[in-house]
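Engineer:
2 protein chains.
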Amino acid sequence: MKAVAVTMHDVAQRAGVSIKTVSNVVNGYPHIRPETRQRVEEAIEHLGYRLNTTARNLRTRRTDMITLAVPELSLPYFAELADSIIRAAEDEGLTVLIEQTSASREREIEVLTGLRRHLTDGLIFSPLALGPHDVGLLSVDRPLVVLGERIFDAPADHVTMNNVAAAKAVTQHLAALGRRRIAVVGAHEGEQVGSAALRLEGYRQGLESAGLPFDPALVGEAGLWHRSTGAEAMAQLLDSGVEVDAVFALNDAMALGALHALHARRIDVPDDVALVGFDDIDDVKFSVPTITSVDPGREEIARTAVALLVERIAEAGVPRPFRRVVPASRIVGRESTGDVLEGGGQVVAAVQPGGVEEIEDARTA
Amino acid sequence: MKAVAVTMHDVAQRAGVSIKTVSNVVNGYPHIRPETRQRVEEAIEHLGYRLNTTARNLRTRRTDMITLAVPELSLPYFAELADSIIRAAEDEGLTVLIEQTSASREREIEVLTGLRRHLTDGLIFSPLALGPHDVGLLSVDRPLVVLGERIFDAPADHVTMNNVAAAKAVTQHLAALGRRRIAVVGAHEGEQVGSAALRLEGYRQGLESAGLPFDPALVGEAGLWHRSTGAEAMAQLLDSGVEVDAVFALNDAMALGALHALHARRIDVPDDVALVGFDDIDDVKFSVPTITSVDPGREEIARTAVALLVERIAEAGVPRPFRRVVPASRIVGRESTGDVLEGGGQVVAAVQPGGVEEIEDARTA
DNA sequence: GGTTCAATCTACATCGTTGTATATCGGCTG
DNA sequence: CAGCCGATATACAACGATGTAGATTGAACC
C-alpha cells in the first residue's frame, strides 16, 4: 500500500547512470553532459524523487538547521525575536528549530546538553533561568551564541543590549519631562544579574544624574515579565499609596499591564502618569495610548546572532576570541510620555552601541 | 583540535561489549545484565557519549519532528498557536520545526513540496495564500493536518473553527446591546473562501436574525490582518462619514488597530462605539479598554491537530477517512462591549462545536 | 605521436545507528 | 534427560546519501 520511498538508486537505474551521478546532478556539480543531466532530471521528475535530507545530514555531518531556545513564544518580544531570527537564518540557508524552555532551569540545561545536540549545527540560546554560576554548563563542544543579560562570561559569542545606558536614558528623559516620582515595574529583589538588575541600575544612575533621590517605595517587583504581572505590580504600587507621576516598566509586556492597571483606576496616561516600556514590540505602537519604549535593535540582534553562529559553524574547531556585540538602541517617544500627540513615534534619544568586543580567553567554540 | 564525535563504537570498546549492546542500553532494552548495563553506562559517562540523532533517524525512518507552517510569528495569534502546538507536540515526544510562509503562495507551495519533506514526520499547515483551487497540491504522500478556513476539501485531516456561527453570535450580541450600525473591519472584497468570507457571512446572518439591514458602507476592507491594517480600515470608515455605533473586527490584531484609530479620534469605546474582535489573544485581555472577543478554542485546536497528526504518522499507509474537527468557541465579553466594568472577561455566548466529521473520500494520508 | 589535462562518469567505502537472525547458556518441564 | 524457553549478547546488513580515488574519454600541447 504505502509506496516505499524513491531513492537515488531508483533514479540512477531509470536514467542508466550511477547513483553518484544522480547525486552530482542533484547537487549542481558542473561537469555533467547536458544530455545526461536531462536524463537524470527526467527520471527524478517521473519517479517523484525527493532527496532524503536525513541521509545527507548523516553523511555530510551538517544539518543546516540551528536551534533557537527561548522562554516562550507567547511573550511578544520572543515571538518577534523568533520571527527575525528565522528570517535571518533563512537568508543564510538555515532552518530554525525552536525550543521553548518556559524559563525553567531544567529545560534550559536540557537544551544545552540534551539529546538533540547532534541534530542541529548550532544553538542560539536566550537563558532566563541559568545565571553566571552556570557558566560551566555553557562549555559545550558546539557552536553557541548566547543572548540576553544573564550570563556574561560564557565561553561563547554573546549578543546583548545596552541595558544600563538605555535605562538611564529613559529615566533622564522622564526627569526632563518634569517627572519627579518615577516608579519602576518589574524589579527582581536582590538579584545581581539579568535584565532586571541592569535596568534598575540604569534607573538609579538616571535618577542620580537628574538629582532625584532613589526611593525604594517606588520600586515594584514582578517575577515573570508578563502583562499580568505588570498589571499586578502596578496595582500594588498604586494601592500602597505612594505618589507616582511616571512609570518605567522594565519591559513592554509589563508596560501594557501597567497601563491596564492605571486605566482601571482612571489614572490618565500621560497627564497623571507618564509611562515608558522596554523592547519596542509591535503592541506598544498601537496601544491606547501608544507607549514610549526602548528599541533595543531587535533586527540587528537577530542578524548578528545568526551571523556569529554561521561563522562559528563554518570555522568549527578553529579557535578565535569570543565576541560580545551590543547593537545601538534608542528611545522611541510616543503618547504615553506626551512626546507625540498621536500615532507615529519619534526617536527622542539614541544610546551608543557597545560595538564589538573581543574577549581574550579564546577557547574553541 | 576538534574532538571527533564519540560513537557507540567507542563506548562498546571501552565497555567490552558489542555496539548493539550499547544501543540496547541506550534504548532501554530490558534484557541486559545489571552489571553489563552499568559498564556501558560508565563508558557513556566517561566518554561523554551522545547519541547521534541523525543516524538514528536514518535507520528508523522517523525523526520525531513535525513541521508547523504558519504565516508569521509576529502575528500574535500565530505566535500563541505555535506556543500551544509546541507544548502539545512535546507531550507526544515531538519537536516542532517552524516554517514562516509570510502568506506567500510560493512559500506555501515550497513547504508542501520542498526539500525538507523527508526531514520531519508530518506537517501542520495553516495556509493563507493557497485556496480551494489548490487542493491538488495538498495530495502529498505524508501525514498532513490542515488548519484554517481556506481549504475544506483537501485530502487531509482538518481542524477549523465555527466561523459563521461565531460571527453570527457576535453580531447578535452587538444587536442585543442595542447597537444598530454595526461595522465590519477586515473584509476581503469578492473573496468566497477563507476566514474573511465566512465571518462576513456570519455577520450578515446575524444582522438578518436581528432584523437589521446590511449596509455595504459599513464594511471596511483590509488585506492582511495586522494591527496597522485594522487601524487604517477603521480610519477610512470613520472618515467616510458613515454612522457607526459598533465595530466587529474580524480578528483581534485589527481590533487593536481599530481601537487605536477610534482613540485617535476621541471616540469612546464602548460608550460611542462597541468593539468586538476574534481570536481571544492575550493582548485583548489587557488593552485599554479590554476587548470582547471570540475564543475559537486555540488550545483544543492545537491539541487536536497534533493528535490527528500523531495518529496519521503511526498508521502511515493505512487508509482511513479524513476528519474535520471543529472545537467549540465562545464569546468572551469584556469592557469594549460594556459586558464587564473592568478586567476579567465573562462568557456571554457559547457556540456549539461542529464536532468531528468523517469525510467519505478516504484516501491514504 | 606520446603526454597532459579537463571533462565525465563510476566503484566503493563510509557516516552512526538499529533490525534481524542467530549463538550460547542455564533452568524448567514432563 | 531430551527438549524447550527465556535471558543475554553478538555479527552483519541496511537506512540513503556523499567523499575519494580512479577509470575512460577526447582534445590540446609540444
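So the sequences go chain by chain: A and B.
Okay, so the first sequence: first residue is 668 according to the working numbering, each after it adds one.
Okay, so the second sequence: first residue is 668 according to the working numbering, each after it adds one.
Yeah, the Cβ is synthetic: ideal placement off N, Cα and C, and Gly gets one too.
Because the structure is a prediction, the values reported are computed rather than measured.
#1: Just to confirm my understanding: we take residue 769 of chain A, look at its own chain, exclude 5 residues before and 5 after, and list those with CB closer than 8 Å. What are they?
#2: For the beta strand (DSSP E) that residue 819 of chain A lies in, which residues bound it at each end?
#3: Show which residues of chain B have a CB atom less than 7 Å away from the CB atom of residue 953 of chain A.
#4: Can you say whether residue 835 of chain A is buried or exposed, counting buried as having 16 or more other CB atoms within 10 angstroms of its CB?
#5: So what's residue 960 of chain B in DSSP terms, helix, strand or just coil?
#6: Specify whether the segment 817-832 of chain B and the segment 981-997 of chain B touch according to this definition: at least 3 beta carbon pairs, one from each stretch, less than 8 Å apart.
#7: Can you tell me the Cα-Cα spacing of residue 816 of chain B and residue 777 of chain B, whole angstroms?
#8: Can you round the beta-carbon distance between residue 959 of chain B and residue 1006 of chain B to whole angstroms, since I take them to be within the 8 Å contact cut?
#9: Under 7 Å Cβ to Cβ from residue 691 of chain A, same chain only, skipping five residues before and after it: list those, please.
#10: Terminal residues of the continuous beta strand (DSSP E) containing residue 991 of chain B?
#11: Between the segment 729-752 of chain B and chain A, which residues of the former have a C-beta closer than 8 Å to a C-beta of the latter?
#12: Give me the subset of the segment 711-727 of chain A whose CB atoms are less than 7 Å from a CB atom of chain B, sorted by chain position.
#13: Measure the C-alpha to C-alpha separation of residue 853 of chain A and residue 859 of chain A and round it to an integer number of angstroms.
#14: Determine, using beta carbons only, whether residue 681 of chain A and residue 714 of chain A come nearer to each other than 8 Å.
#15: Report yes or no: do the segment 738-752 of chain A and the segment 743-750 of chain B share at least 3 C-beta pairs separated by less than 8 Å?
#16: Report the residues of the segment 938-970 of chain A with a CB closer than 8 Å to any CB of chain B, ordered along the chain.
#17: Kindly list the residues whose CB is nearer than 6 Å to the CB of residue 1003 of chain B, restricted to its own chain and excluding five residues on each side of it in sequence; keep chain order.
#18: Using C-beta distances below 7 Å, list every residue in its chain close to residue 701 of chain B, excluding the 5 sequence neighbours before and after it, in chain order.
#19: Bridge partners for residue 826 of chain B per DSSP, in chain order?
#20: Do the CB positions of residue 847 of chain B and residue 879 of chain B come within less than 8 Å of each other?
#21: Starting from the C-beta of residue 874 of chain B, find all residues in its chain whose C-beta is less than 8 Å away, skip the five residues before and the five after it, and write them out in chain order.
#22: Mind listing the chain B neighbours of residue 930 of chain A? Cutoff is C-beta to C-beta under 7 Å, in chain order.
#23: Write down the C-beta distance between residue 928 of chain B and residue 905 of chain B rounded to the nearest angstrom, noting that I regard them as a contact closer than 8 Å.
#24: Is it true that the CB of residue 919 of chain A sits closer than 8 Å to the CB of residue 962 of chain A?
#25: Please check the pair residue 792 of chain B and residue 814 of chain B, which I expect to be a contact at CB under 8 Å, by giving their CB distance rounded to whole angstroms.
#26: Does residue 888 of chain A come out as helix, strand or coil in the three-state DSSP assignment?
#27: Checking 8 Å against the spacing of the C-beta atoms, do residue 945 of chain A and residue 916 of chain A come in under that value?
#28: Please say whether residue 985 of chain B and residue 1000 of chain B have beta carbons closer to each other than 8 Å?
#29: I'd like the list of long-range same chain contacts for residue 787 of chain A, defined as Cβ closer than 8 Å, with 5 residues on each side in sequence excluded.
#30: Grouping DSSP H, G and I as helix and E and B as strand, with all else coil, what is residue 982 of chain A?
#31: Name the one or two DSSP bridge partners that residue 1013 of chain A has.
#32: Could you tell me which residues DSSP puts in a beta bridge with residue 767 of chain B?
#33: Would DSSP call residue 789 of chain B helix, strand or coil?
#34: By the three-class DSSP mapping on this structure, what secondary structure does residue 913 of chain A have?
Structural biologist: This is what the structure holds:
#1: Your numbering for residue 769 of chain A matches position 102 in the first sequence. Within the same chain, residue 769 of chain A has close Cβ partners 738 and 739.
#2: For this step, residue 819 of chain A is matched to residue 152 along the first sequence. Where residue 819 of chain A is concerned, there is no enclosing beta strand (DSSP E), given that its DSSP letter is neither H nor E.
#3: Along the first sequence, one-based indexing puts residue 953 of chain A at 286. Ordered by position in chain B, the residues that pass the 7 Å Cβ test against residue 953 of chain A are 894, 898, 923, 924 and 927.
#4: In the first sequence, residue 835 of chain A corresponds to position 168, counting from 1. By the neighbour-count rule (16 or more Cβ atoms within 10 Å), residue 835 of chain A is buried.
#5: Within the second sequence, the letter at position 293 stands for residue 960 of chain B. Three-state result, residue 960 of chain B: strand.
#6: yes
#7: Here residue 816 of chain B corresponds to residue number 149 of the second sequence, with the count starting at 1. Here residue 777 of chain B corresponds to residue number 110 of the second sequence, with the count starting at 1. In this structure, the straight-line span from the alpha carbon of residue 816 of chain B to that of residue 777 of chain B is close to 20 Å.
#8: What you label residue 959 of chain B is simply residue 292 of the second sequence in a count that begins at 1. What you label residue 1006 of chain B is simply residue 339 of the second sequence in a count that begins at 1. So it is a contact: roughly 6 Å between Cβ atoms.
#9: The sequence position of residue 691 of chain A within the first sequence is 24, counting from 1. Cβ neighbours of residue 691 of chain A beyond the five flanking positions: 699.
#10: As a working note, residue 991 of chain B is residue 324 in the second sequence. Note, residue 991 of chain B: beta strand (DSSP E), 989-993.
#11: When C-beta distances to chain A are compared with 8 Å, the residues of the segment 729-752 of chain B below that value are 730, 732, 739, 740, 741, 743, 746, 747, 749 and 750, in chain order.
#12: 717, 718, 719, 720, 721, 722, 724 and 725
#13: The count along the first sequence starts at 1 and reaches residue 853 of chain A at position 186. The count along the first sequence starts at 1 and reaches residue 859 of chain A at position 192. The alpha-carbon atoms of residue 853 of chain A and residue 859 of chain A are separated by roughly 14 Å.
#14: The sequence position of residue 681 of chain A within the first sequence is 14, counting from 1. The sequence position of residue 714 of chain A within the first sequence is 47, counting from 1. With respect to residue 714 of chain A, residue 681 of chain A sits close: the two C-beta atoms are nearer than 8 Å.
#15: yes
#16: 949, 950, 952, 953, 954, 955, 956 and 957
#17: Residue 1003 of chain B sits at position 336 when you count from the first residue of the second sequence. Once the five neighbours on either side are set aside, the close Cβ partners of residue 1003 of chain B are 936, 937, 942, 956, 958 and 959.
#18: Indexing the second sequence from 1 puts residue 701 of chain B at position 34. If we look at residue 701 of chain B and ignore the five residues flanking it on each side, it has no Cβ neighbours.
#19: On the second sequence, residue 826 of chain B is found 159 positions in, with the first residue counted as 1. DSSP output for residue 826 of chain B lists B:814 and B:992 as bridge partner(s).
#20: Residue numbering aside, residue 847 of chain B sits at position 180 when the second sequence is read from its first letter. Residue numbering aside, residue 879 of chain B sits at position 212 when the second sequence is read from its first letter. Contact: yes.
#21: If you number the second sequence from 1, residue 874 of chain B lands on position 207. Excluding sequence neighbours, residue 874 of chain B sits near 838, 842, 849, 880 and 881.
#22: Against the first sequence, residue 930 of chain A aligns to sequence position 263. Residues of chain B whose Cβ lies closer than 7 Å to the Cβ of residue 930 of chain A are, in chain order, 955.
#23: For the purposes of this step, residue 928 of chain B is taken as the residue at position 261 of the second sequence. For the purposes of this step, residue 905 of chain B is taken as the residue at position 238 of the second sequence. Contact between residue 928 of chain B and residue 905 of chain B holds: their C-beta atoms lie close to 7 Å from each other, under 8 Å.
#24: Numbered from its first residue, the first sequence carries residue 962 of chain A at position 295. Numbered from its first residue, the first sequence carries residue 919 of chain A at position 252. In this structure, residue 919 of chain A does not lie closer than 8 Å to residue 962 of chain A by Cβ.
#25: By one-based count along the second sequence, residue 792 of chain B stands at place 125. By one-based count along the second sequence, residue 814 of chain B stands at place 147. Indeed they touch by this definition, with Cβ atoms about 7 Å apart.
#26: Taking the first sequence and counting its residues from 1, the one referred to as residue 888 of chain A is at position 221. Strand.
#27: In the first sequence, counting from the first residue as 1, residue 945 of chain A sits at position 278. In the first sequence, counting from the first residue as 1, residue 916 of chain A sits at position 249. The answer is yes: Cβ separation under 8 Å.
#28: If you number the second sequence from 1, residue 1000 of chain B lands on position 333. If you number the second sequence from 1, residue 985 of chain B lands on position 318. It is not a contact, given that the beta carbons lie outside the stated cut-off.
#29: Counting from one through the first sequence, the residue named residue 787 of chain A turns up at place 120. 730, 732, 733, 734 and 764.
#30: As a first step, residue 982 of chain A must be located in the first sequence, where it is residue number 315. DSSP places residue 982 of chain A in coil when its eight states are reduced to three.
#31: The sequence position of residue 1013 of chain A within the first sequence is 346, counting from 1. DSSP, once it has assigned bridges, lists A:1000 as partnering residue 1013 of chain A.
#32: Mapped onto the second sequence, residue 767 of chain B falls at position 100. In DSSP, residue 767 of chain B forms a bridge with B:737.
#33: Walking along the second sequence from the start, residue 789 of chain B turns up at place 122. Correct three-state label for residue 789 of chain B: strand.
#34: Sequence index remark: in the first sequence, residue 913 of chain A carries index 246 (1-based). Residue state, collapsed to three classes: strand.
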